[in-house]
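The structure appears right after this line, and notes come after that.
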Amino acid sequence: MGSGDGGLLKILFKNIDTNYLQTFFSLLHRSLPLNWSFLKTKVFSILGRRGPVCFHKRRKNLVLNLIKSEKVISYVSRVLTMNLLVPKNMRFECQRCARCCGDTSHRGRNLLLTKSEVEEISEKTGLSPLAFATPISNKGAYQYKMKKRGGKCLFLDGKACRIYDIRPLVCRFYPFSVCKKDNKYIFNFADDCPGIGLGEVLSEEVFEDLVTEAQFKLKTS
Numbered sequence: 001m002g003s004g005d006g007g008l009l010k011i012l013f014k015n016i017d018t019n020y021l022q023t024f025f026s027l028l029h030r031s032l033p034l035n036w037s038f039l040k041t042k043v044f045s046i047l048g049r050r051g052p053v054c055f056h057k058r059r060k061n062l063v064l065n066l067i068k069s070e071k072v073i074s075y076v077s078r079v080l081t082m083n084l085l086v087p088k089n090m091r092f093e094c095q096r097c098a099r100c101c102g103d104t105s106h107r108g109r110n111l112l113l114t115k116s117e118v119e120e121i122s123e124k125t126g127l128s129p130l131a132f133a134t135p136i137s138n139k140g141a142y143q144y145k146m147k148k149r150g151g152k153c154l155f156l157d158g159k160a161c162r163i164y165d166i167r168p169l170v171c172r173f174y175p176f177s178v179c180k181k182d183n184k185y186i187f188n189f190a191d192d193c194p195g196i197g198l199g200e201v202l203s204e205e206v207f208e209d210l211v212t213e214a215q216f217k218l219k220t221s
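At position 205 of the sequence shown (counting the first as 1) the number is 205 in my numbering, and the numbers step up by one without a gap.
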């Protein structure tokens, strides 16, 4: 769905806010959490992969039921009302240097883990949780920290991550961090990361994705 599809969406779903609909279809294309990959497959199978132009009444009603489900409404509404404060004209391109995967000469790095992340890593690797994670005294979402060998993450192999597809939230965020203050999500970045200043300027969508993924993961931990 592009920005020019707003009028068509308004005709097809005249009782639903157009901004909400455009965000819904945008999230489908981006395959965010909340099982969006599954939802995307389901919606596109209804659409026949040709977009809203091919709608007939039955198809429209099927998608309408999905759009109006309580969980989807809650999720899309959070994205629409998200208030971000992000670095302007921020460029970043990972250099695969693996500096973020452990301690450096001037900074120790704690790789914090949620309970659900520990369970997922354990399931995927076949290792017991205590083989790679240490419980910490924390009443928040982060209840473990990753064990290190020689100051580096146990799952670092040279400069490659052996659990990259299921890497923890703190790894997905790096070199960025976020805090919530006065209903705003404020992003900071690690200025010693060699990837900062390289590559294309990051869009606000990139930071939205990070926040929504964090919301989903921390809620389910």
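Just so it is clear, CB atoms sit at the ideal spot from N, CA and C, and this is done for glycine as well.
- Counting other Cβ atoms within 10 Å of its Cβ, L198 stays below 16 and is therefore classed as exposed.
- Beyond the five residues adjoining it in sequence on each side, D103 comes within less than 7 Å, by CB distance, of R109 and G151 in the same chain, given in chain order.
- With respect to the C-alpha of L113, the residue from P135, E208 and C193 having the closest C-alpha is P135.
- Distance check between S177 and each of A131, L169 and F187 places F187 closest, using alpha-carbon atoms only.
- Excluding five sequence positions before and after V211, the CB atoms of its chain that fall closer than 6 Å to its own CB belong to Y185, given in chain order.
- L156 has C161 as its beta-bridge partners, per DSSP.
- Taken through DSSP and simplified to helix, strand or coil, P135 comes out as strand.
- F189 is a Cβ neighbour of I196, given a cutoff of 8 Å.
- For S177, the secondary structure class from DSSP, reduced to helix, strand or coil, is strand.
- Here I163 has I121, K124, T125 and F155 as same chain residues with Cβ atoms under 8 Å from its own Cβ, once five neighbours each way along the sequence are excluded.
- DSSP links I166 through a beta bridge to no other residue.
- In this structure, K115 keeps its C-beta atom at 8 Å or more from the C-beta atom of F132.
- Following the DSSP letters along the chain, one finds E200 inside the beta strand (DSSP E) bounded by residues I196 to V201.
- A141 and P168 have their C-alpha atoms some 12 Å from each other.
- Taking C-beta atoms under 8 Å as the contact rule, Y174 and C97 fail to qualify, at a distance of about 12 Å.
- Membership of T114 in the beta strand (DSSP E) is indicated by the continuous run L112 to T114.
- With at least 16 other beta carbons inside 10 angstroms of its own, L111 counts as buried.
- Taken through DSSP and simplified to helix, strand or coil, R91 comes out as strand.
- In the DSSP assignment, N183 falls outside any beta strand (DSSP E), carrying neither H nor E.
- When C-alpha distances from N83 are compared across L202, E200 and C179, the shortest belongs to C179.
- Annotated three-state conformation of L130 is helix, per DSSP.
- Pairing K145 with D192, the inter-Cα distance amounts to about 22 Å.
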